[in-house]
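If you count the sequence shown from 1, position 110 lands on 110 in full-length UniProt numbering, and the numbers rise without skipping.
We treat Cβ as the ideally placed atom computed from N, Cα and C, and that holds for glycine.
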Amino acid sequence: MDNQSNPLSLIPLSQTPASSHAANTKTILLVEDDFELSSLLKQLFEKEYVIYEAKDADSAMSIALEKNPDLIISDTLMPEMNGVDFCKLIKQTFATSHIPFILLSGKDTLDSKLEGLRAGTDFHFAKPLSAELLTLTIKNIFLQQQKLKERYTDHYLADHTELVCSEKGNIFVNKLLEIIEKHIDSEDLGVEFLCNHLFISRTKLYQKIKSFTNQSVGEFVRTVRLKKAIHIMTHEDVTISEVAERIGLPNVSNFSRFFKKAQGKSPLQFIQSLKKQTPTKTWSYLIMNSYFLNFCILLE
């Protein structure tokens, strides 16, 4: 840890014991080798969040891989690997690249901030820390995550790139969508198929998709299939059976039920509604649905 006489301001902190947490409580991995600061930070957050603690990057990486925390807070100066290099490792590792990262530093210079940003940090805090500023920043991170999940769940047109906090966090989403797009016509596309192609466990796959979309793996795959179906029907003159086959749901009856449940109209009604639109309306519709263009040329 950086040497600071007063590492955390806006004390005293509440002395109320930590309460039990709900199953969906956010989790924070705190990486700090200074006992005093670590204790203060834990005391600050443990009433609202589940806190995992580590004193070095090695143990922190093991916890990150096992627990998939919603946020990592790390000091800059640590034994063996410093906080900047640890952030690089987190962001470059497929299984953890999506996790927001807050770096705590004893330096408040432009160079130190740029170094952190180049490593992939999402926020940089110089010591002495403001407890209020840090607390509000964390609340905003989690609030933004929840809003993106809700937007993705409620609006099928949400751009997948909004589901992560940084460009490097797109590693998992891009790879996942690349595999789904490549094999979307396969009936085998499911949990086991994705685990085998992503080289991760069922638990890790579920955790990561849930953290981005608030959906199960099956729900996410069905959502992508639906978007692909709408893209095909919007841009091509094809039969419903052909659309169903191209998205891996060759049973037309099952596809129609699935489509109507999600869209409120059958595939046939959807196609007919497109044909009734004027060119101007159709063009507006295509603009509104530009996600599909981006999705279908993903990583080409």
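Separation of residue j from residue i, as counted between CA atoms
i, j, result
"valine 31", "alanine 64", "11 Å"
"lysine 175", "serine 216", "17 Å"
"lysine 204", "leucine 249", "26 Å"
"glutamate 132", "phenylalanine 125", "12 Å"
"glutamate 245", "asparagine 251", "8 Å"
"arginine 222", "asparagine 196", "19 Å"
"lysine 55", "proline 267", "56 Å"
"proline 128", "glycine 106", "8 Å"
"isoleucine 138", "isoleucine 72", "10 Å"
"proline 117", "glycine 264", "The question names proline, but residue 117 in the sequence shown is leucine. Approximately 44 Å, taken between the alpha carbons."
"glutamate 66", "glutamine 269", "47 Å"
"glutamine 144", "leucine 41", "22 Å"
"serine 241", "histidine 231", "15 Å"
"phenylalanine 193", "asparagine 254", "21 Å"
"threonine 76", "leucine 104", "6 Å"
"lysine 202", "asparagine 214", "What sits at residue 202 in the sequence shown is arginine, not lysine. Taking the straight line joining both Cα atoms gives about 16 Å."
"serine 62", "aspartate 237", "51 Å"
"glutamine 207", "glycine 218", "13 Å"
"asparagine 140", "leucine 177", "27 Å"
"alanine 262", "serine 256", "10 Å"
"lysine 147", "isoleucine 28", "19 Å"
"threonine 234", "valine 191", "28 Å"
"threonine 239", "serine 186", "18 Å"
C-beta contact flag for residue i and residue j at 8 Å
i, j, result
"threonine 121", "leucine 44", "no"
"aspartate 33", "proline 79", "yes"
"isoleucine 271", "arginine 225", "no"
"serine 97", "lysine 91", "yes"
"tyrosine 49", "lysine 26", "yes"
"alanine 57", "methionine 81", "yes"
"phenylalanine 123", "isoleucine 102", "yes"
"residue 308", "lysine 260", "Only positions 1 to 300 of the chain appear in the structure, and residue 308 is not among them; the question remains open."
"isoleucine 209", "phenylalanine 220", "yes"
"valine 173", "phenylalanine 142", "no"
"phenylalanine 94", "isoleucine 171", "yes"
"phenylalanine 35", "alanine 60", "no"
"valine 84", "glutamate 46", "no"
Three-way DSSP call (helix, strand, coil) for residue i in this model
i, result
"isoleucine 90", "helix"
"tyrosine 49", "coil"
"leucine 37", "helix"
"leucine 249", "coil"
"isoleucine 200", "coil"
"threonine 27", "strand"
"aspartate 75", "strand"
Give the list of continuous alpha helix (DSSP H) stretches no shorter than 4 residues that lie fully inside the segment 77-134. 83-92 and 110-119
Where are the beta strand (DSSP E) runs, 3 residues long or more, that stay fully inside the UniProt domain "HTH araC/xylS-type" (174-273), in chain order? none
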